[in-house]
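The opening residue of the sequence shown carries number 1 in our numbering; numbering runs sequentially from there.
Every residue, glycine too, gets a C-beta built ideally from N, C-alpha and C.
Have a look at the structure below, then the notes.
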Amino acid sequence: MPPKGPKLGEPPAKGRMQQKDDDGEFLIMPALQHNSWILNQARIFSGVMAGCVAGLLRCEGLAGLFVFIFITILHSVMIFTKMSCNPTRHFPKAHSVFLQQFATGLLPFILFWMLAFDIVHIF
1 MPPKGPKLGE
11 PPAKGRMQQK
21 DDDGEFLIMP
31 ALQHNSWILN
41 QARIFSGVMA
51 GCVAGLLRCE
61 GLAGLFVFIF
71 ITILHSVMIF
81 TKMSCNPTRH
91 FPKAHSVFLQ
101 QFATGLLPFI
111 LFWMLAFDIV
121 HIF
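Given below as structure tokens:
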């Protein structure tokens with residue numbers, strides 16, 4: 001019986017591990033940690049910007065919270081498009097760009113919201 005193998009002109013079959021490696025299922029942990037750290041810094045930056053916008057626009061109560069949510073989602077969409085709409089290359093799950101560390105920028109948001117509101121509208 002002849003050995004089973006690729007037919008003439010066909011590329012050789014890949015093993016399961018090689019196929020998973022080619023598909024990008026294996027993530028490099030230092031790179032994943034770096035990406036998470038960068039996303040954390042981006043969330044803090046968007047919280048600061050949202051706080052300044054909410055304070056300058058004189059948003060009070062839930063309106064300021066909606067400004068934070070809107071700007072954070074907008075920033076997530078910008079990050080998503082920067083990754084060429086392929087977040088699984090940088091994060092284990094596709095929704096990590098939108099949901100991971102979403103509330104990280106909340107405290108800087110509150111700080112800059114109150115600061116900008118007080119400086120512009122009270123003093």
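Local Cβ density within 10 Å of residue i, reported as buried at 16 or more and exposed below that
{"i": "N35", "result": "buried"}
{"i": "S84", "result": "exposed"}
{"i": "T72", "result": "buried"}
{"i": "V77", "result": "exposed"}
{"i": "A54", "result": "buried"}
{"i": "A95", "result": "Strictly speaking, residue 95 in this sequence is His, with Ala absent from that position. By the neighbour-count rule (16 or more Cβ atoms within 10 Å), H95 is not buried but exposed."}
Length of the line joining the Cα atoms of residue i and residue j
{"i": "G61", "j": "I28", "result": "43 Å"}
{"i": "G64", "j": "P87", "result": "29 Å"}
{"i": "I110", "j": "A42", "result": "16 Å"}
{"i": "V120", "j": "P30", "result": "43 Å"}
{"i": "S46", "j": "F66", "result": "13 Å"}
Whole-angstrom C-beta distance between residue j and residue i, which should lie under 8 Å
{"i": "I44", "j": "G105", "result": "5 Å"}
{"i": "G51", "j": "A116", "result": "6 Å"}
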